[in-house]
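In this note's numbering, the protein residues as written are 606 to 777.
Ideal Cβ positions, reconstructed from N, Cα and C, are used throughout, including at glycine.
If you're wondering where the values come from, they're calculated on a predicted model, not measured in any experiment.
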């Protein structure tokens, strides 16, 4: 979800109802937004491609203080104040994707969706960004999850010894 879409949903709702997608976990209604940040990630994938990813992050935190609940209007005000401070530095901010950090067993990173008046935290997954160069069959993977493929260990060892295996020696 882009920041512009989040702002539209907050403007049209009075409450903030957050759930973690595909679980029965609802965030307590007394969560806080402890920070709104900008993350600019510059990296090189395993195929040697230089990449950049710009995101807006929100960190959600639950404290013992159950008497304070964040309303949609208050969350929108936090965003607007932050945007005002960053408007000269980041003029395209409204079109950046959102990433939400929330404490579970560890700090989880989620994308954000909105459906039926509920904000859904969608767990993120790691993936190879250079599958075509690493010899990964993209038909064996899905959008968000990678299924384990059983391989004969003897065949795999032989394959790894060849020069063309594993990105032609470019990575891994």
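Review point. Helix, strand or coil for residue 671 per DSSP?
Key: Locating residue 671 in the chain shown gives position 66, counting from the first residue. Looking at residue 671 - three-state DSSP - the assignment turns out to be coil, as it is neither helix nor strand.
Exercise for review: Have a look at 717, 736, 739 and flag the residue whose alpha-carbon is nearest the alpha-carbon of residue 625.
Suggested key: Here residue 625 corresponds to residue number 20 of the chain shown, with the count starting at 1. Ranking the options by Cα distance to residue 625, first place goes to 717.
**Study point:** Helix, strand or coil at residue 610 according to DSSP, with G and I counted as helix
**Key:** By 1-based counting over the chain shown, the position of residue 610 is 5. In the structure shown, residue 610 sits in a helix (DSSP, three-state: H, G or I).
Check your understanding: Should residue 621 and residue 703 be called a contact, given that it needs their Cβ atoms to be closer than 8 Å?
Key -> The residue you call residue 621 lines up with position 16 of the chain shown. The residue you call residue 703 lines up with position 98 of the chain shown. Not closer than 8 Å, so no.
Exercise for review: For residue 673, I'd like the list of residues in its chain whose CB is within less than 7 Å of its CB, leaving aside the five on either flank, ordered along the chain.
Suggested key: Here residue 673 refers to the residue found at position 68 when the chain shown is read from its first residue. Within its own chain, the residues whose Cβ lies closer than 7 Å to the Cβ of residue 673, once the five positions on either side in sequence are excluded, are 635, listed in chain order.
**Study point:** Option nearest residue 726 by Cα separation, candidates 698, 736, 715, 645
**Key:** For the purposes of this step, residue 726 is taken as the residue at position 121 of the chain shown. Per the Cα distances, 715.
**Study point:** Secondary structure, beta strand (DSSP E): runs of 3+ residues fully inside the region 699-746
**Key:** 702-708, 712-720, 723-728
Exercise for review: Count the other CB atoms, across all protein chains shown, that sit within 10 Å of the CB of residue 752; report buried if there are 16 or more and exposed otherwise.
Suggested key: Here the question's residue 752 lines up with position 147 in the chain shown. No answer about residue 752 holds up, because its pLDDT of 46 lies below 50 and its placement is not dependable.
Exercise for review: Output the distance between the C-alpha atoms of residue 684 and residue 662, rounded to the nearest integer angstrom.
Suggested key: Your numbering for residue 684 matches position 79 in the chain shown. Your numbering for residue 662 matches position 57 in the chain shown. Looking at the two C-alpha atoms, the distance is approximately 11 Å.
Exercise for review: Name, in chain order, the residues that DSSP records as bridge partners for residue 695.
Suggested key: Here the question's residue 695 lines up with position 90 in the chain shown. Looking at the DSSP assignment, residue 695 forms no beta bridge with any residue, so it has no partner.
Point to revise | Opposing strand residues paired with residue 662 [DSSP bridges] | key: Here the question's residue 662 lines up with position 57 in the chain shown. DSSP lists 642, 704 as partners of residue 662.
Review point. How about residue 666 and residue 608: are their beta carbons less than 8 Å apart?
Key: The count along the chain shown starts at 1 and reaches residue 666 at position 61. The count along the chain shown starts at 1 and reaches residue 608 at position 3. With a cutoff of 8 Å on beta-carbon distance, residue 666 and residue 608 are scored as not near each other.
Point to revise | Where residue 729 falls, given that 16 or more other Cβ within 10 Å makes a residue buried | key: Taking the first residue of the chain shown as position 1, residue 729 is located at position 124. So residue 729 ends up on the exposed side.
**Study point:** Enclosing beta strand (DSSP E) for residue 625 [first to last residue]
**Key:** Here residue 625 is taken as the residue at index 20 of the chain shown, counted from 1. Residues 623-625.
Review point. Run through DSSP, which three-state label would residue 763 get?
Key: Start at 1 with the first residue of the chain shown, and residue 763 comes out as number 158. In this prediction, residue 763 has a pLDDT of 46, which is less than 50 and means its spatial position is unreliable; nothing more can be read from the coordinates.
Review point. Can you tell which of 659, 713, 670 has the C-alpha that lies nearest to the C-alpha of residue 696?
Key: On the chain shown, position 91 is the one that residue 696 refers to. Ranking 659, 713, 670 by Cα distance to residue 696 puts 659 first.
Check your understanding: Rounded to the nearest angstrom, how far is the Cβ of residue 615 from that of residue 680, given a contact under 8 Å?
Key -> Here residue 615 is taken as the residue at index 10 of the chain shown, counted from 1. Here residue 680 is taken as the residue at index 75 of the chain shown, counted from 1. About 5 Å separates the two Cβ atoms, so the contact holds.
Point to revise | Among 719, 629, 633, the one whose alpha carbon lies nearest that of residue 671 | key: Here residue 671 refers to the residue found at position 66 of the chain shown. Cα-wise, what sits closest to residue 671 is 633.
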